[in-house]
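J.: Heads up: the sequence shown is residues 4 to 261, going by this note's numbering.
Dropping the structure in here first, questions after.
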Amino acid sequence: MRKAIYCLAATGALGLTAGVPATALAAGSSSPPGYQAGLQPVPTNNVTGSGSATLSLSGDQATVTVDTTGLLAGVPHAMHIHVDGMGVCPTAAAATNLNGHTAISTSDGHPSYGMIGTSLTTSGDTSPASGLAVDRFPTGSSFHYARTVTVTDDVANNIRSGKAVIVVHGLDYNGSGKFTDVLGPSDLDPTLPQTATAPALCGTLQAMPTGGAATGSGATQHRPDDAALVTGGSFLLVAAAGGAWVLRRRRPVGDDRS
Numbered sequence: 004m005r006k007a008i009y010c011l012a013a014t015g016a017l018g019l020t021a022g023v024p025a026t027a028l029a030a031g032s033s034s035p036p037g038y039q040a041g042l043q044p045v046p047t048n049n050v051t052g053s054g055s056a057t058l059s060l061s062g063d064q065a066t067v068t069v070d071t072t073g074l075l076a077g078v079p080h081a082m083h084i085h086v087d088g089m090g091v092c093p094t095a096a097a098a099t100n101l102n103g104h105t106a107i108s109t110s111d112g113h114p115s116y117g118m119i120g121t122s123l124t125t126s127g128d129t130s131p132a133s134g135l136a137v138d139r140f141p142t143g144s145s146f147h148y149a150r151t152v153t154v155t156d157d158v159a160n161n162i163r164s165g166k167a168v169i170v171v172h173g174l175d176y177n178g179s180g181k182f183t184d185v186l187g188p189s190d191l192d193p194t195l196p197q198t199a200t201a202p203a204l205c206g207t208l209q210a211m212p213t214g215g216a217a218t219g220s221g222a223t224q225h226r227p228d229d230a231a232l233v234t235g236g237s238f239l240l241v242a243a244a245g246g247a248w249v250l251r252r253r254r255p256v257g258d259d260r261s
């Protein structure tokens, strides 16, 4: 009798295990969290380009890709992960008078997107010290950037909290086809024109939706198979318990074996 009961209980347990999705069983081996950003033109800066960025974070290692199109050709475009600001891109309200023109400089955007946390250089150092290393940034109107870089704890925390912002710099404000001094000298380095360092594209890194996550919110959503799993599991448990009760009821009166 006891052997039969144990078999029924084992059958119920196996049924529950069989009903668990493989993803749930392998939860401990999930991929590093992923983030993405749509890069849009910074308002008032006369930019017509666009782009996108993705980032995966594992400890202090961030694998970053950036793709752009429609930027000023033939010149380097400084790129950074900006942190410790409001975690947003500047609006037109952030524009100031730059050499008689309305535009947004890098400093004008600092309250919105923060300071440089990581320089997305093509080689070598990636610290804020390389923020203007123009010989080590991607060049051209359209480019694909991919590199794994080491980030600080502060940068990693900003990424996880949704406050890290990708900014691509360098613009053709007056349609001349080159960096000019139309906006005056750069507020970051007076030996460079403002057009070389002003923000062109901007986008906040947001967690990618995974599994049942709601797009844009990161919240876990109810999945239809969850209900089936719970219902099926409950049925198997009830069936196992019911079978054991029936077997007990069939014993002869006075049989008190357990």
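From the three backbone atoms N, C-alpha and C, an ideal C-beta is built for every residue, glycine too.
1. Leaving out the 5 sequence neighbours to the left and right, which residues in its chain are closer than 6 Å to T99 when beta-carbon positions are compared?
2. Within the continuous beta strand (DSSP E) that includes D70, where are the two ends?
3. Cutting at 6 Å between CB atoms, please list the residues of its own chain near T57, excluding the five before and the five after it.
4. Report the CB separation of G187 from G41 in whole angstroms; it is logged as a contact under 8 Å.
5. How many angstroms separate the CA atom of S179 from the CA atom of A95?
6. Nearest by alpha-carbon distance to L195: which of T105, I119, T183, A203 is it?
7. Helix, strand or coil: how does DSSP classify A97 here?
8. By Cβ distance, which residues of its chain are closer than 7 Å to G31, with the 5 residues on each side in sequence left out?
9. What is the DSSP secondary structure of A199, reduced to helix, strand or coil?
10. Would you tell me roughly how many angstroms separate the C-alpha atoms of R139 and S34, rounded to the nearest one?
11. Contact between the stretch 159–166 and the stretch 82–91 is defined here as three or more beta-carbon pairs at a separation below 8 Å; is this criterion met?
12. Please give the ranges of any alpha helix (DSSP H) in the stretch 151–183, keeping only runs that are unbroken, at least 4 residues long and fully inside the region.
T.: According to the structure data:
1. Position 96 of the sequence shown, counted from the first residue, corresponds to residue 99. D111, listed in sequence order.
2. Against the sequence shown, residue 70 aligns to sequence position 67. Here the beta strand (DSSP E) through D70 covers 64–72.
3. Within the sequence shown, numbered from 1, the residue matching residue 57 stands at position 54. Excluding sequence neighbours, T57 sits near Q39, T68.
4. Numbered from its first residue, the sequence shown carries residue 187 at position 184. Numbered from its first residue, the sequence shown carries residue 41 at position 38. Wrong, their Cβ atoms sit about 30 Å apart, outside the cutoff.
5. Residue mapping note: residue 179 aligns to position 176 of the sequence shown, counting from 1. Residue mapping note: residue 95 aligns to position 92 of the sequence shown, counting from 1. Taking the straight line joining both Cα atoms gives about 23 Å.
6. Walking along the sequence shown from the start, residue 195 turns up at place 192. For the options T105, I119, T183, A203, the alpha carbon positioned closest to that of L195 is the one of T183.
7. Along the sequence shown, one-based indexing puts residue 97 at 94. Note: A97 maps to helix in three-state DSSP.
8. Walking along the sequence shown from the start, residue 31 turns up at place 28. Bear in mind that a pLDDT of 44 at G31, under 50, signals an unreliable position, so the number given afterwards is only what the model happens to contain. So no residue of the chain qualifies.
9. Counted from its first residue, the sequence shown places residue 199 at position 196. A199: helix per DSSP, three-state reduction.
10. Your numbering for residue 139 matches position 136 in the sequence shown. Your numbering for residue 34 matches position 31 in the sequence shown. For R139 and S34, the distance between alpha carbons rounds to 30 Å.
11. Verdict: yes, contact present.
12. Whole alpha helix (DSSP H) segments, 4+ residues: 156–163.
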